[in-house]
Amino acid sequence: MASSRLLAVLLVAAACLGSLASATEWMVGDGGGWRAKFNQTGWADGKTFRVGDTLTFMYPKENHTVVQVGNKDDFAACNLNANAVNKWDSGNDVVTLDKPGKAWFFCSVPNHCNNGMKLVINVEEGAPTPAPAPAPASGWWF
């Protein structure tokens, strides 16, 4: 009886860990990284981004930045005076997607955004929770 409870606890723990492990780590731009004319690459096309995923922006820190703005108007206008949601400039920036909806990013170096160094993605709810494993038949392995 005690081993049946232990097995049930282990199955629940495995299901929880499985949902945590399902987050995707995205390297923005893949091998090319965060770069000039980035928006022309179609990098985000066909990708599904979910809450809990991370975006890694890799770039020469002396040449670029990453700014996240909160609306499409600031994004479309490359508004460098916008109230940024977040700003990064390390050259190796990891951004965790923490809520569903649109996320807008651009480089704040003058003229970089206007020349296509920008990214918009749609973030979906987190990965669906896996269905629990069926309860084992009692007594068959004891």
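When you line the sequence shown up against mature numbering (1 follows the signal peptide of the UniProt record, and there is no 0), it's residues -23 to -1, 1 to 119, in that order. Beta carbons: idealized from backbone N, C-alpha and C, even for Gly.
Out of curiosity, what's the CA-to-CA distance linking lysine 49 and lysine 95? As the crow flies, the alpha-carbon of lysine 49 is around 12 Å from that of lysine 95.
Can you tell me which of Ser(-2), Arg12, Ala(-1), Met4 puts its alpha carbon nearest to the alpha carbon of cysteine 90? When C-alpha distances from cysteine 90 are compared across Ser(-2), Arg12, Ala(-1), Met4, the shortest belongs to Arg12.
Tell me the start and end of each unbroken beta strand (DSSP E) in the stretch 68 to 109 that is at least 3 residues and wholly inside, in chain order. The stretch 68 to 109 contains these whole beta strand (DSSP E) runs: 69 to 73, 78 to 83, 95 to 101.
Using C-beta distances below 6 Å, list every residue in its chain close to tyrosine 36, excluding the 5 sequence neighbours before and after it, in chain order. These residues qualify, in order along the chain: Gly10, Trp11, Gly68.
Kindly indicate which three-state DSSP category valine 54 falls into: helix, strand or coil? Going by the sequence as given, residue 54 is alanine instead of valine. In the displayed model, alanine 54 falls within coil according to three-state DSSP, outside both helix and strand.
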